[in-house]
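Just below is one structure, and these are the notes that go with it.
Residue numbers (this note's numbering): 102 to 428.
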């Protein structure tokens, strides 16, 4: 989920905590729990500090250790201890419980979307994603806003008990829908090596990535119908250059952040552009998350880029900058 959604969840959990009479009857504890739930809802994203080492380093490490099993209690304990210093005498057990719940919610909701996390570290480096929630879900945000609008009229604990029951039901429906769709597609595409669902904002609408031995199929699914919009052959041109490019630090960091990157090579007069595109994210035939490496014909000049392109204009600027840096 995005930062705004995590913050909203933090305030929602702070309101839900008021269902506990120990918290609702103590204004100091209520404030401490609210701070713990809001900050805890964003605590795993402390790995934003990797940006200080560059975007490539951030892509490699984001949603890794800070979203792992050991990190959940550690972050919760550290945060609760710090808040307790600011609010001495408050109940540590209550503060820790709601902070822990907030941190856990953050990791869970990151697992629910297409990016996933390495939640099982250090036992496994596998990325876990359940693929049934979009990165930003407006329905969850709107349900929270509805709950906040009712707080002046009804007890916050009761309001958000109902709000979160509604959200749990919504999540269950989306999860079941994703599981049934994937099962249906696997039966139809029996030769598929893997099928990846990318949930759209509207419920029951999906972008679909299907990998076979020969190619990738990209399509959209809605109302029981699948439209295959275009395909890419899995044939790789200039495999030696592709292998060489994968060892570039920026490209390597990018490849470590996704198992859905695929290389495309474009030959020009001055050399070769190798594009590693994350196939999960696309707008028609435009793939915004990618790594690009240029290798001159004589192999003497090399330059690379990795990141997210926000538009065709941004893509052209990146290509222009790369071209300028090799002159």
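Glycine residues also receive a C-beta, built at the ideal position from the N, C-alpha and C atoms. From a predicted model like this one, the values you see are computed outputs, not experimental measurements.
Classification of residue i by the beta-carbon crowding that lies within 10 angstroms, buried from 16 upward
i           : result
residue 186 : exposed
residue 344 : exposed
residue 237 : exposed
residue 390 : buried
residue 398 : exposed
residue 269 : exposed
residue 289 : exposed
residue 255 : exposed
residue 359 : buried
residue 338 : exposed
residue 394 : buried
residue 232 : buried
residue 307 : buried
residue 224 : exposed
residue 210 : buried
residue 102 : buried
residue 329 : exposed
From the options, residue whose alpha carbon lies closest to that of residue i
i           : options            : result
residue 140 : 165, 119, 108, 116 : 108
residue 208 : 220, 215, 179, 247 : 220
residue 423 : 406, 415, 411      : 406
residue 333 : 299, 365, 305      : 365
residue 172 : 189, 200, 195, 188 : 200
residue 154 : 392, 351, 250, 401 : 351
residue 311 : 304, 302, 297, 323 : 297
residue 368 : 354, 347, 353, 342 : 342
residue 419 : 402, 392, 401, 400 : 392
residue 144 : 127, 167, 122      : 167
residue 403 : 416, 410, 374      : 374
residue 271 : 305, 197, 336, 416 : 305
residue 206 : 251, 114, 150      : 114
residue 116 : 414, 408, 251      : 251
residue 371 : 388, 353, 400, 383 : 400
residue 121 : 259, 340, 280, 323 : 259
residue 146 : 104, 112, 111      : 104
residue 326 : 282, 180, 347      : 282
residue 321 : 415, 241, 248, 382 : 382
Close Cβ partners of residue i (< 7 Å) along its chain, the five nearest in sequence each way excluded
i           : result
residue 331 : 319, 386
residue 191 : 129, 130, 133, 185
residue 124 : 118, 130, 131, 134, 195
residue 202 : 114
residue 181 : 137, 193, 196, 197, 200
residue 293 : 287, 311, 312, 313
Helix, strand or coil at residue i according to DSSP, with G and I counted as helix
i           : result
residue 205 : helix
residue 143 : coil
residue 218 : strand
residue 179 : helix
residue 126 : coil
residue 112 : helix
residue 149 : helix
residue 361 : coil
residue 169 : coil
Cβ neighbours of residue i in the same chain (closer than 6 Å, five flanking residues each side left out)
i           : result
residue 362 : 356, 377, 379
residue 163 : 148
residue 349 : 394, 405
residue 286 : 296
residue 188 : 129, 133
residue 409 : 389, 390
residue 106 : none
residue 346 : 352, 375, 394
residue 217 : 228, 229, 230
Same chain, Cβ closer than 8 Å to residue i, neighbours up to 5 away in sequence not counted
i           : result
residue 302 : 235, 237, 238, 239
residue 244 : 264, 267, 268, 271
Residue i Cβ short of 7 Å to the ligand COA heavy atom set
i           : result
residue 287 : Judged by which ligands are present, the structure shown has none, so any question about the ligand COA falls away.
(message) In chain order, what are the residue ranges of uninterrupted alpha helix (DSSP H) at least 4 long that sit wholly in the stretch 278-359?
(response) The stretch 278-359 contains these whole alpha helix (DSSP H) runs: 340-346, 350-357.
(request) Jot down the residue ranges of each uninterrupted beta strand (DSSP E) in the stretch 363-410, minimum 3 residues, whole runs only, in chain order. (result) Listed in chain order, the complete beta strand (DSSP E) runs (minimum 3 residues) inside the stretch 363-410 are 372-379, 390-397, 403-409.
(message) Threshold first: 4 residues or longer. Then list the alpha helix (DSSP H) segments lying entirely within the stretch 221-274, N to C.
(response) Note on the stretch 221-274: whole alpha helix (DSSP H) runs with a minimum of 4 residues are 239-251, in chain order.
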